[in-house]
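Asks: Chains as they are written, first to last, in my numbering: chain A, 1 to 408; chain B, 409 to 816. Please read through the structure below; I'll follow up with questions.
2 protein chains.
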Amino acid sequence: MGFEYPYARGVAHLKSSDIRDLMKYAIDPRYISFAGGMPNNRLFPVDEVEEIYRRLPRKEKETAFQYGPTTGYPPLREAVKEYMASKGIPADSHDVMITTGSLQGIYIVSQLFLDPGDTVLAENPTFIGALTLFKSFQARTAGVPMDEHGILPERLEKAFERHPEAKFLYVIPNFHNPAGLIYSPRRRRYLLDFIRKNKLVLLEDDAYNELYFDEADRPLTRPVLSMADPDTARQIIYAGTFSKIFGPGFRLGWLVLPREVFPKAEIVKQSLDACSPNFSQVIANTFMREGYMKAYLERIRPEYRLRRDLILQAMEKHFPPGVRYVRPKGGFYVWVELPDGVPAARVLDYALENGVVFVLGKSFAPDDSLTSAFRLAYSNVDPEQIEPGIRVIGEGIRRAMARAQNPG
Amino acid sequence: MGFEYPYARGVAHLKSSDIRDLMKYAIDPRYISFAGGMPNNRLFPVDEVEEIYRRLPRKEKETAFQYGPTTGYPPLREAVKEYMASKGIPADSHDVMITTGSLQGIYIVSQLFLDPGDTVLAENPTFIGALTLFKSFQARTAGVPMDEHGILPERLEKAFERHPEAKFLYVIPNFHNPAGLIYSPRRRRYLLDFIRKNKLVLLEDDAYNELYFDEADRPLTRPVLSMADPDTARQIIYAGTFSKIFGPGFRLGWLVLPREVFPKAEIVKQSLDACSPNFSQVIANTFMREGYMKAYLERIRPEYRLRRDLILQAMEKHFPPGVRYVRPKGGFYVWVELPDGVPAARVLDYALENGVVFVLGKSFAPDDSLTSAFRLAYSNVDPEQIEPGIRVIGEGIRRAMARAQNPG
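Here it is in C-alpha cells:
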C-alpha cells in the first residue's frame, strides 16, 4: 500500500478560488486591470523610506533586524494607540496589538471564536480574503444584503434569527470592499443597538478609513467602536492596516482588542509567526511619528479622487441605462449592478478578449449569489487607461444585455 | 445577563507559558542573558541593507511596497530553490514557498495535518515555539528522548507503537534547539527507514544549517531530505529560515514541500497573511544573490564559535563534576544536564538573584519532564560577559547539588 498524506478534516476539501486565476491577467501589462484591490505602485513613498532608514540610530537599526515582542514593537504600538485615540477609540477598555497585515488580525479573531461548523454574519458582498479565511476555519458565512447606507437592518435580524449561534458579525463600514459605500451614522448606531441587544461580537474592518476624498466626508469615517458606550465597546474588535496608509509590502496591521481578550489573542499570535516583521515596524514607527504618513496621505487622496472622477465620467459615458452603482466617497472601488438576469460573467468574457480585467460579484458572495454584479478597482490603474478600459466593459455590458433580452 | 465572549473550544484553556516571564529578564541590560535563542544584535548586516535598498531599481522598490504572490516573491523563490538544490534537495519532487518566518512554516504544516486530539511525535527536548504551536491546534506532542547522536531509535519506535495515529514526526537534525547536538549520518538514515516503514510524514526544521563552526563539520549538516530516495522524499517537508542567515526582523522563512502538498499549503498560507512581507523579500533576494549572505555567514561563524569556546572553557572551570553537556559543533546552544534529582529551578533562582538568566529544561519538554536540565544560549551574549555569567551559574549548581544531597 502506498503512502497517503494524512490531511486534517478541514483541509481535504480546500480548493483554490477563481480569483487567483484572474490575478494572472491583473499583473499582465497587456491588460487594463480593474481587478487588484491594491494601492497604486507609482505612489509609494520609496524615497522617504530610504531617508528614514538612513537616519535611524544604529541601535534602532539593530532592533529592526531582531525578534521583537509578540504584541508589537513598543514605540509603534504607542504611536498606533495615540492615532486610535485621535479617532475616539477608548484607551481604557482596549489595547493595540500589531499584526502581520489586517488579514492576520481577522485570522486571530477567527481563531479566538470559531469552531468547525460555526457561523459568521457578514455583509453580502464582503471582502474575499475574509470569506476564504472563515472557510479555512470550516465556518459558514451568512451573507446579509446592503443598500447604499450599509447593512440592511431587517435582513440582518432575519439572518441572526436563522443563525442565533453566530459567533460574530464582520463589517467594513468605511469605503467598503467591494461595495464602495460608506455606512450612514444612523446605520452605525443601529449596529451598536444590534450587538447590545443580541450580545454579539462585532469585528470592524477599517482598512480604508483614511482614504476619504473630501474633507467634508471625513467625520463620516468615525469608527463604530468610537461611538460605543463602555459596555458595548467590550463587544467590538477593530482591525486596522498600514497597507493603505504606507504599503502592503510591509505586512503590518493592528487589532484594537478589549483588554479581557488581549492575552488570549497574544497567545494565538505567538504561534502564528512569533512577531510581526520588526524591520517593517521600526520603519513604520518613524513614518507615522515624523509626519511622513500625513504627507503621504495628502499626496495620495487627490490621486485616488482623480481616478474615481475619471471612472465615474467614463461609466456615465459608456455604460448603458439600467446599470446601477453608488458613487464612492473614498476608497478603491465601484460596485456595479447589472439589470437582473444579465450575467456579469459574460461581460468579463468580452472584457478579457479585449484586454480588460475585473472581478465578478459572485467572488465576494458567500453563496455564489450576485451573478449580475462586479467590482471595479480604480486604485491601481493609470489615469489614461481608465476610459479605454471602461469603454470595453460598457460594450461588453451592452452585448450581455442584448443577449439576455434576445437569447438564442 | 451580561455579555460573555463565545470563545472557541481550543481557546478557553490557552495560557501563556513561563518562558514569556523570563524574557523580561532576557532584555533587561542589568542581567547577563543566556536565555534568548536569537542572533547577536551587534552582528547584523545593517549597513549592507542600506546599500542594497539604495541600489535597487525603482521598479523593484515599488514591488517591495506592494502585495506579492502568496507563495513568495518569484526571484526570491528561485534563489532559495537554487540554494536548496546546492544542498541536494530534489527539485523534481519538491517546490519552495516563502513563509513569514519558519514558525509560520510549521504552522502551515500543522494546519494541513492536525485535527484536535491528534498527536505529533517530536524530540524531547524540542523547540518551544513548535510545542506551543502544536498545543494551539489542540494536538498532543509525544516526546522522544535523544542521545548525543540524535533521537533514540528504540524510544521512537516505542512512542510510535503507543501513538500509531501520529500525524507527523518533527525533528531538528542540525545544531538542535535546545539540545545543541547534530544527528550522526547513521541516525539520519535511520529516520528515512523509519518513515518509509511506518508511512509517516517527517517535518525537518533546519534553522541552524549554516551555523557550523568548522568546515569539516559542514558535510554533516546535509538535510535528511537530500538523502531520501524519490519515494521517501514525498514524505518529507523541510522548513528553512532567514532568521539565522540574515535577521529575524525580516520574518522570512521557507518551506520545501512535496509538489502534491504545495497547492493545499498555498491555500492555507493565503488565509494566514495573504503573502509574506514583500519588502523583506526584495531585500533578502539581493542579499542572497549578490554575495552578501556568504560574506555575512563567513563573518558570523567565527563570532559564534568564539562564544562557544568561551562558554565551554568557563563551564569546564566553574561547573562541578557530575554535570553533563555535549560540545556544540554549531548553532546557538549548550544543553546542560544536572545529576538526577537536582532541580534546575533552584539554579535559576540563584542565577536570577545574581543577575543571570537562562531557560529551564522543562520549558522544552512536552510533559514537564527534564526538571534537572537547562539550556544556555551563547549567541547573543557579549564575550566578556560569558565567564562572569557561567561563574554564577556554576555556584548555583554547586548549591543546588549540596542541598539535594543534604536536604533540610
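Glycine included, C-beta positions come from ideal geometry on N, C-alpha and C. Model, not experiment: these values are computed from the prediction.
1) Give me, in chain order, the residues of the same chain whose beta-carbon lies closer than 6 Å to that of A/Gly322; leave out the 5 immediate sequence neighbours on both sides.
2) Are there 16 or more other CB atoms within 10 angstroms of the CB of B/Gly797, so buried, or fewer, so exposed?
3) Measuring straight from C-alpha to C-alpha, what distance separates B/Val764 and B/Asn617?
4) Between A/Glu62, A/Leu202, A/His318, which has its C-alpha nearest A/Val282's C-alpha?
5) With distances taken between CB atoms, is the gap from A/Asn278 to B/Gly648 smaller than 8 Å?
6) Can you tell me which of the three DSSP states A/Arg375 falls into?
7) Just to make sure I have the definition right: I need the residues of chain B whose C-beta is within less than 7 Å of the C-beta of A/Glu50. Which are they?
8) In whole angstroms, what separates the C-alpha of B/Gln813 from that of B/Pro751?
9) Using a Cβ-Cβ cut-off of less than 9 Å, list which residues of the stretch 778-791 of chain B approach chain A; keep chain order.
10) Give me whichever residues DSSP pairs with B/Gly476 in a beta bridge.
11) Would you list the residues sitting across from B/Pro728 in a DSSP beta bridge?
12) Does DSSP classify A/Arg140 as helix, strand or coil?
13) Note down the Cα distance separating B/Leu451 from A/Arg58, rounded to an integer number of angstroms.
14) Check whether the stretch 135-155 of chain A and the stretch 107-121 of chain A touch, using three or more Cβ-Cβ pairs below 8 Å as the test.
15) Please state the DSSP three-state secondary structure of B/Met446.
16) Going by the DSSP bridge assignment, what does B/Ser441 pair with across the sheet?
17) Can you find a C-beta in chain A that's less than 8 Å from the C-beta of B/Glu612?
18) For chain A, check one thing: does any of its Cβ atoms lie closer than 8 Å to the Cβ of B/Pro747?
19) Could you tell me whether the Cβ of B/Asn585 comes closer than 8 Å to any Cβ of chain A?
20) What does A/Leu257 reach in chain B if we use C-beta pairs closer than 8 Å?
21) Grab me the residues of A/Arg305's own chain with a C-beta within less than 7 Å of its C-beta, minus the 5 sequence neighbours each way, in chain order.
22) For A/Asp115, which residues in chain B fall below 7 Å Cβ to Cβ?
23) List, in chain order, every chain B residue whose beta-carbon is nearer than 7 Å to that of A/Lys167.
24) How would you list, in chain order, the residues of chain B whose beta-carbon sits under 9 Å from the beta-carbon of A/Val201?
25) Cα-Cα, which of A/Arg9, A/Phe3, A/Gly10, A/Lys15 is closest to B/Pro671?
26) How about A/Val381 and A/Arg307: are their beta carbons less than 8 Å apart?
27) Interface residues of chain B around A/Val261 at Cβ under 7 Å?
28) Is the separation between the beta-carbon of A/Leu360 and that of A/Ala345 shorter than 8 Å?
29) Flag this pair as yes or no: are the beta carbons of A/Asn41 and B/Gln474 separated by less than 8 Å?
30) Who pairs with A/Glu123 in a beta bridge, going by DSSP?
31) Which whole-angstrom value is the C-beta distance of B/Ala759 and B/Gly699, which I expect to be below 8 Å?
32) Taking 8 Å as the CB-CB limit, is A/Phe250 close to chain B?
33) Count the other C-beta atoms from every protein chain shown that fall within 10 angstroms of the C-beta of B/Ile435, then say buried if there are 16 or more, exposed otherwise.
34) What three-state label does DSSP hand A/Val224 in the structure shown?
35) Inspect the CB distances between the stretch 174-194 of chain A and the stretch 146-159 of chain A and report whether three or more fall short of 8 Å.
Replies: According to the structure data:
1) To locate residue 322 of chain A, count along the first sequence from 1; it is residue 322. Correct list, in chain order: Pro339.
2) Translated into the one-based positions of the second sequence, residue 797 of chain B becomes position 389. By the 10 Å Cβ count, B/Gly797 comes out buried.
3) On the second sequence, position 356 is the one that residue 764 of chain B refers to. On the second sequence, position 209 is the one that residue 617 of chain B refers to. Approximately 29 Å between the Cα atoms of the pair.
4) For the purposes of this step, residue 282 of chain A is taken as residue 282 along the first sequence, with counting starting at 1. Of the candidates A/Glu62, A/Leu202, A/His318, the one whose C-alpha sits nearest the C-alpha of A/Val282 is A/Glu62.
5) If you number the first sequence from 1, residue 278 of chain A lands on position 278. If you number the second sequence from 1, residue 648 of chain B lands on position 240. Not in contact: A/Asn278 and B/Gly648 (Cβ atoms no closer than 8 Å).
6) If you number the first sequence from 1, residue 375 of chain A lands on position 375. A/Arg375: strand per DSSP, three-state reduction.
7) The residue given as residue 50 of chain A occupies position 50 in the first sequence. Residues of chain B passing the Cβ test: Tyr461, Arg462.
8) Working through the second sequence from its first residue, we reach residue 813 of chain B at position 405. Working through the second sequence from its first residue, we reach residue 751 of chain B at position 343. Approximately 12 Å, taken between the alpha carbons.
9) Asn788
10) The residue labelled residue 476 of chain B in the question sits at position 68 within the second sequence. Per DSSP, none; premise fails for B/Gly476.
11) Indexing the second sequence from 1 puts residue 728 of chain B at position 320. For B/Pro728, which the question treats as bridged, DSSP gives no partner whatsoever.
12) Numbered from 1 along the first sequence, position 140 holds the residue referred to as residue 140 of chain A. Correct three-state label for A/Arg140: strand.
13) Within the second sequence, residue 451 of chain B is the residue found at index 43, counting from 1. Within the first sequence, residue 58 of chain A is the residue found at index 58, counting from 1. About 12 Å.
14) yes
15) As a working mapping, residue 446 of chain B is identified with position 38 in the second sequence. The answer is coil: DSSP assigns B/Met446 none of H, G, I, E or B.
16) Residue numbering aside, residue 441 of chain B sits at position 33 when the second sequence is read from its first letter. Per DSSP, B/Val765.
17) In the second sequence, counting from the first residue as 1, residue 612 of chain B sits at position 204. Not one chain A Cβ lies under 8 Å of B/Glu612.
18) Here the question's residue 747 of chain B lines up with position 339 in the second sequence. No, no contact with chain A.
19) As a first step, residue 585 of chain B must be located in the second sequence, where it is residue number 177. No, no contact with chain A.
20) Start at 1 with the first residue of the first sequence, and residue 257 of chain A comes out as number 257. The premise fails here: A/Leu257 is roughly 11 Å from chain B at the closest Cβ pair, so nothing lies under 8 Å.
21) Locating residue 305 of chain A in the first sequence gives position 305, counting from the first residue. Excluding positions up to five away in sequence, the list reads Phe213.
22) Start at 1 with the first residue of the first sequence, and residue 115 of chain A comes out as number 115. Chain B residues near A/Asp115: Ala416, Arg417.
23) For the purposes of this step, residue 167 of chain A is taken as residue 167 along the first sequence, with counting starting at 1. Per Cβ cutoff of 7 Å: Pro414.
24) The residue given as residue 201 of chain A occupies position 201 in the first sequence. Those are Phe411, Tyr413, Pro414, listed as they occur along chain B.
25) What you label residue 671 of chain B is simply residue 263 of the second sequence in a count that begins at 1. Among A/Arg9, A/Phe3, A/Gly10, A/Lys15, the Cα nearest to that of B/Pro671 belongs to A/Lys15.
26) Here residue 381 of chain A refers to the residue found at position 381 of the first sequence. Here residue 307 of chain A refers to the residue found at position 307 of the first sequence. Result yes, Cβ atoms of A/Val381 and A/Arg307 sit closer than 8 Å.
27) As a first step, residue 261 of chain A must be located in the first sequence, where it is residue number 261. Those within 7 Å of A/Val261 in chain B are Tyr413.
28) Here residue 360 of chain A refers to the residue found at position 360 of the first sequence. Here residue 345 of chain A refers to the residue found at position 345 of the first sequence. Yes, they are a contact pair.
29) Taking the first residue of the first sequence as position 1, residue 41 of chain A is located at position 41. Taking the first residue of the second sequence as position 1, residue 474 of chain B is located at position 66. Going by C-beta atoms, A/Asn41 is nearer than 8 Å to B/Gln474.
30) Stepping through the first sequence from its first residue, residue 123 of chain A is reached at position 123. Bridge partners of A/Glu123: A/Val144.
31) The count along the second sequence starts at 1 and reaches residue 759 of chain B at position 351. The count along the second sequence starts at 1 and reaches residue 699 of chain B at position 291. Actually they do not touch by this definition, with Cβ atoms about 42 Å apart.
32) As a first step, residue 250 of chain A is located in the first sequence; it is residue number 250 there, counting from the start. Yes - at least one Cβ of chain B is within 8 Å of the one on A/Phe250.
33) Stepping through the second sequence from its first residue, residue 435 of chain B is reached at position 27. Exposed, because fewer than 16 other Cβ atoms sit within 10 Å of the Cβ of B/Ile435.
34) Translated into the one-based positions of the first sequence, residue 224 of chain A becomes position 224. If DSSP states are grouped into helix, strand and coil, A/Val224 belongs with the helices.
35) yes
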